[in-house]
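One structure below.
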Amino acid sequence: MATLAGSALRPERFPFKNGLVLLHNRAAANPSVVVRALVRAGASRETPGDHGVASLTGRMLRQGTEHIAKNQLAEELDGMGAGLSVDVGYGLVAVSIKCLSGDFPRAMEILAELVRRPTFPAEELERLRGQVLTDLKEMDDNTRVVADRTWRALAYPSTHPYSRLTVGSAADVQAADRDELSAFHTAWYGPNQTTLMVVGDVIFDEAAAATDRHFADWAGVRIERVASSLPASDLPARQVRAHDMTGKTQGDLVIGLPTIDRTAPDYYALSFANHILGRMYFMGRFGEKVRDEQGLAYYAYSELHASYGRGPWTVRAGVNPRNLDRAIASIHAELQRFLDDGPTDAEQADGVRSLLGSLPRQLETNEGAAAVMSEIELYDLGLDYLERYPSIVRSLTREQVTEAARRWLTPEHLVTAVAGPPR
Amino acid sequence: MALETTAASSFSQTTLDNGLRVILREVRERPLVAVWMWYRVGGRNELPGTTGVSHWVEHMLFKGGKRFGKGEITKEISRRGGALNAFTWIDCTAYFQTLPADEVDLALAIESDRIYDTRIEPEEAEAERTVVISEREGSENYPEFWLREEVQAVVWREHPYRLGVIGPKSDLRAMTRDDLYAHYKRYYMTNNATLVMAGDFQTQALLDKIHAEFDGHPAGPPPPELNIEEQPQTGERRVIVRRPGPTHYVMLAYHAPQASHPDAAPLVVLSSVLGGASSPIAWGGARGLGRSSRLYRALIDGEIASGVSAGYDLTLDPYLFAFDATLRNGVEPQRAEAAILHEVERIQREGVPADELARTKRQLHAQVVYSLEGVTNQGFALGLMDLVARDPAAWQTFPEALQRVTSDDLQRVANTYLVEQQRTSGWFIPHNDGHTNNERPNGRSA
C-alpha cells in the first residue's frame with residue numbers, strides 16, 4: 000500500500016492466550032485514539048423468543064458495572080472529554096471510546112469494565128426501556144426506517160435475523176428482563192468472541208501492555224462463528240409492498256434482494272458492480288438517472304452490505320409519491336441495462352481508479368482506519384490485505400463484473416418496499 | 000500581495016488583486032488536499048419570493064460551465080478517488096473537494112470555472128426544481144423540521160434568518176431560471192469569496208498556481224450589504240404546531256449575539272454545561288459525550304425526554320441559543336419546558352461549580368481536537384472562522400477563549416440572554432386523528 004496510502008495503515012495483530020485478539024495501528028497526526036471492542040454478540044445471537052435482547056444488552060453496558068456506577072461513568076468520561084458509543088449490529092457489538100491519547104490507559108480500563116462486568120441494574124433497565132419505547136415510536140413515524148423494516152420482512156424469512164431491525168419490537172422491549180440480558184451477556188461476551196482495536200496516537204507496546212493488564216485474565220466462553228448462527232435464506236419472490244403514512248410528503252423507497260457473504264469468491268466483482276450502479280460519480284447510474292437526469296429524487300444510490308450470510312443489496316431513493324412509478328421503472332431499467340451490457344470500458348477504468356484513489360481518504364482518520372481493520376479481522380483478509388487490494392481490483396474484468404451482477408442481482412427476486420403518503 | 004504567515008505558522012493568508020481571499024495550511028502527513036471555496040451568500044441574503052435561491056444555485060454549480068460540461072465536475076473528481084460536496088447555510092454557500100494531492104490542479108480549475116462561467120441552462124434549472132423540492136419534502140417527513148421552521152418564522156420580525164435556507168414550496172415552484180442566474184451574478188465573484196486549502200502542498204508553489212487560475216478574473220461590483228437590524232423583542236412568543244407525529248417536541252429559542260461578540264465564548268461554554276459539548280469550529284468530534292450535563296441529568300435521567308440538546312451557533316448576525324427536546328411517550332410539553340427553565344434558572348442564580356466547569360472545558364478542548372482530524376475538517380474550520388469571526392486565526396484563538404470563561408461569565412450571559420423577554424417557545428403536539436400508519440393490504444407484483 001506504500002504507493003497509495005503511504006504509511007497510513009500498518010496494523011499489528013497480537014492474539015492473547017484467552018482468544019482475544021488485539022489489532023493496533025499507530026497514527027500520530029491527531030493526539031487522540033479510538034479504542035474499540037468488537038464483540039460477536041449482535042442480534043444474530045438471539046433465539047426466537049428474545050428479539051431485541053442483544054440491543055438492550057449492548058445499551059445497558061454503560062448503565063452501571065461492578066466498579067463504576069452510571070453517573071460516575073458519565074462524569075469521568077466527560078471529565079476526560081471522551082466519547083463512548085455502543086452500536087449493536089447483526090453480527091457485532093462495537094463498544095468504542097474516543098479519547099485524547101493521554102487518557103488511553105484509563106480508557107482501556109473503562110472499556111474492560113464495560114464489556115466484562117456490567118451489572119444490569121433493574122431501575123436503569125426500566126429507565127432505558129421507556130427511552131427505547133419512545134425511540135421506537137419515532138422509528139414508526141420515520142419513512143426511511145419503515146421502508147427498511149418493511150423491506151427486510153419481505154426479503155428474508157422470519158427466522159432470519161436480517162428480517163427485522165436489531166432494536167426489536169415494542170413488545171420485545173416490554174418483555175425483556177434483566178436476567179435475560181445478564182444471561183445473554185454471560186453467554187456471548189467473552190475474550191474469544193472479541194477483537195480489541197487500538198487506533199491512533201498510542202504505540203504498540205503501550206496498547207499490548209494495557210490489553211494484558213485489563214483483558215488477559217478474562218475467562219473464555221463458547222466459540223461459535225456468527226455465520227453458523229444464521230439460518231438458510233432462500234431468495235424471495237418478486238413483490239411490492241407499500242406502507243401508508245399520512246402527514247408525510249415524501250416516500251422512501253427500498254428495492255433489493257439478499258446476495259452474498261463477504262468471503263464469497265464473487266464479492267469483489269459484485270462490489271465493483273455496485274460501485275458503478277450506485278456509488279461512483281454522482282451515486283452511480285441510479286443517481287445519474289433518477290436524480291440528475293429525471294429530477295425525480297433528492298437521493299438515489301445503492302449499497303451492498305455483504306457481511307455474514309446473504310447480506311442485502313439495496314437501491315434507496317426518496318421520491319414524491321406522484322413520481323414513484325417512474326422512479327421504480329427507471330431503477331429497474333438501469334439494472335437491466337447493466338445486466339445486459341455490463342460496465343462500459345470507461346466505467347471499468349474509472350471504477351478501478353476511483354476505488355484505489357480513495358484509499359488515502361478512507362484511511363485519513365482513526366475511525367476510517369478502524370473500519371478497514373475490522374473488515375480485515377472479521378473476514379480473515381490478512382494483514383497484507385491493503386497491499387493486495389490494488390491487484391485484486393485491477394484484475395477484475397468487465398466480464399467478471401457483469402457475470403457477478405447477473406448471478407446475484409436477479410430481477411425476478413427483487414423486493415420493493417415504499418413508506419410514505421398514501422397514493 | 001504579500002503572503003502573510005501567522006505567528007503560530009498554522010496557516011498563511013493573502014488577498015489577490017481581484018479581492019479573492021486565500022488561506023493556505025500545509026499538512027504533510029497524508030498525500031491529500033482539501034479545497035474549500037466559500038461564498039458570502041446564504042439564507043440571510045434572500046428576500047421573500049425567492050427564498051431558497053442560494054441553495055438552488057448551489058445545486059446548479061454542479062451542472063457545468065465553460066471548461067466542465069454537465070456532470071463532468073463530479074466525474075472528474077470521483078474517478079480520481081476524490082470526494083466533493085457543497086452546502087448552503089444562513090451565512091454562506093461552500094463547496095469542497097478532498098482529493099489526492101497531485102490532483103490539485105484539477106480542483107483549482109473547477110473552482111475557477113465555477114466562479115464566473117456556470118451556465119445555468121433553463122432545462123437544467125427546471126430538472127433541478129423537483130430535486131430541490133424533493134429535498135425539502137424529505138425534511139418535511141420529520142416533525143422537528145416543522146417545529147423549527149415555525150419557531151424561526153416568529154423569532155425574527157425583520158431579519159432574513161426568519162426564512163431559513165431551503166425555502167417554502169411556493170417560492171421553489173415560482174422561482175425562474177433568471178432569478179437563479181441573477182442571484183449567481185450578484186454574489187459569485189472573487190471579491191465575495193475565500194479559497195481555503197489544507198493539505199500536502201508547498202505554499203508558495205501552490206500560490207503561484209492560484210494566481211495563474213484566478214488572476215484573470217476581474218472583481219465584480221460589491222454585493223449589496225445587509226442593513227437590517229432586528230428590533231428588540233418585547234415579550235415571550237409562543238408557537239404551536241399540530242401535525243401527525245409520534246410524540247411531543249419542545250423547542251425554546253432565545254436571541255443570542257453573533258460570533259464576533261465577546262459573549263460568544265461564554266455562550267458556547269454555557270450550552271456545553273447545559274447539553275454537553277460539541278466542537279464550535281468544525282464538524283465531527285466524538286459521539287456520546289455530555290451524559291453528566293445538566294439537561295441530560297434532568298430530562299433523560301429524569302424520564303421526561305428521550306433526547307435533549309442545547310445549541311449556540313457561531314453566525315455573522317445575532318442568531319439563536321436554542322434548546323430542543325424529544326419528549327417521552329405521555330409527557331406533556333409544559334413539564335419539559337419547566338424542567339429546562341429550572342436548569343437555566345439554577346445557573347442564573349448560582350453559576351457553575353469549578354469542577355463542573357473544568358469538566359466542560361475539557362470536553363470542549365477534546366471535541367475541538369477530534370474535530371480537526373483530517374484536512375477536510377481543518378479547511379472547514381479555517382473557512383468558517385474566516386467567515387463568521389472575520390479572522391481565520393480564530394480557529395485557534397476562539398477555542399483558547401473558551402478555556403478562559405469563568406462561572407461569573409456563565410451567570411452573566413445566562414441572565415442577559417436566556418430571559419423570558421427574548422424567548423420563543425415552540426411545541427409540537429402530535430395530532431393523529433384519522434391518521435394512517437399501516438401496511439397497505441394486497442401488495443401487488445411488479
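Which chain is which? The protein sequence lines are A and B, in order. Taking numbering that gives the first Met the number 0, I'd label the letters of the first sequence as residues 0 to 422. Taking numbering that gives the first Met the number 0, I'd label the letters of the second sequence as residues 0 to 445. Positions of the beta carbon are idealized from the N, C-alpha and C atoms, including for glycine.
- Straight through space, the alpha carbons of L326 of chain B and G306 of chain B are spaced by roughly 7 Å.
- Here the alpha carbons of V414 of chain A and R148 of chain A stand approximately 12 Å from one another.
- Taking T158 of chain A as reference, the option from A:V34, A:S228, A:A345, A:E366 with the minimal CA-CA separation is A:S228.
- Assigned with DSSP and collapsed to three states, D200 of chain A falls in coil, not helix or strand.
- The region 152 to 166 of chain A and the region 330 to 345 of chain A do not touch, with fewer than three beta-carbon pairs separated by less than 8 Å.
- The region 102 to 121 of chain B makes no contact with the region 397 to 406 of chain B; the number of CB pairs closer than 8 Å stays below 3.
- The C-alpha of R161 of chain B is placed about 5 Å away from the C-alpha of A152 of chain B.
- Interface criterion not met: the Cβ of P167 of chain B is under 8 Å from no Cβ in chain A.
- For M174 of chain B, the three-state secondary structure derived from DSSP is coil.
- Inter-residue distance for L358 of chain A and R278 of chain A is about 15 Å (C-alpha atoms, whole angstroms).
- Cβ contact annotation for L383 of chain B (same chain, cutoff 6 Å, sequence separation greater than five): none.
- For A268 of chain A, the enclosing alpha helix (DSSP H) stretches over residues 266 to 277.
- Proximity of the region 112 to 120 of chain A to the region 60 to 71 of chain A meets the contact definition, three or more beta-carbon pairs being nearer than 8 Å.
- Taking one beta carbon from each stretch, the region 66 to 86 of chain B and the region 190 to 204 of chain B have fewer than 3 pairs nearer than 8 Å; the two do not touch.
- DSSP places F10 of chain B in no beta strand (DSSP E); its state is neither H nor E.
- In the structure shown, Q96 of chain B falls within a strand segment according to DSSP collapsed to helix, strand and coil.
- Per DSSP, W312 of chain A is one residue of the beta strand (DSSP E) stretching across 311 to 318.
- Each residue's CA atom was taken as its position, placing Q12 of chain B and E212 of chain B some 17 Å apart.
- L315 of chain B and G283 of chain B have their C-alpha atoms some 22 Å from each other.
- Minimum Cα-Cα distance from Q347 of chain B among the listed residues B:D178, B:A106, B:L273, B:R39 corresponds to B:L273.
- Scanning chain B for C-beta atoms nearer than 9 Å to the C-beta of K16 of chain A yields nothing, as the closest lies near 32 Å away.
- Under the Cβ distance rule, R118 of chain B does not count among the residues neighbouring chain A, no pair being separated by less than 8 Å.
- For the region 108 to 137 of chain B, the set of residues with a beta-carbon nearer than 9 Å to any beta-carbon of chain A comprises E125, A126, E127, R128, T129, V130, V131, I132, S133, E134, R135, E136, G137, in chain order.
- If one requires a minimum length of 3 residues, the beta strand (DSSP E) runs lying completely within the region 279 to 353 of chain A are 296 to 303, 311 to 318, in chain order.
- In this structure, A:L19 is the residue among A:L377, A:T364, A:L19, A:P389 with its C-alpha nearest to the C-alpha of N191 of chain A.
- In this chain, P220 of chain B is not harboured by any alpha helix (DSSP H), its DSSP state being neither H nor E.
- With contacts defined as CB atoms closer than 8 Å, A335 of chain B and V195 of chain B fail to qualify as a contacting pair.
- For G294 of chain A, the closest alpha carbon among the candidates B:E122, B:Y115, B:M36 is that of B:E122.
- Between A368 of chain A and L8 of chain A, the C-beta gap is smaller than 8 Å, which places the two residues in contact.
- Counting only the Cα atoms, S133 of chain B lies some 16 Å from V253 of chain A.
- A straight line joining the alpha-carbon of E228 of chain B with that of T313 of chain A spans about 50 Å.
- P159 of chain B: not part of any beta strand (DSSP E); DSSP gives it neither H nor E.
- One finds M244, T245, G246 in chain A with Cβ atoms closer than 9 Å to the Cβ of H434 of chain B, taken in chain order.
- Proximity of E363 of chain A to chain B, defined by a Cβ-Cβ separation below 8 Å, is satisfied.
- Looking at the DSSP output, L99 of chain A sits in a beta bridge with A:S31.
- Residue pairing from DSSP places V238 of chain B in a beta bridge opposite B:G425.
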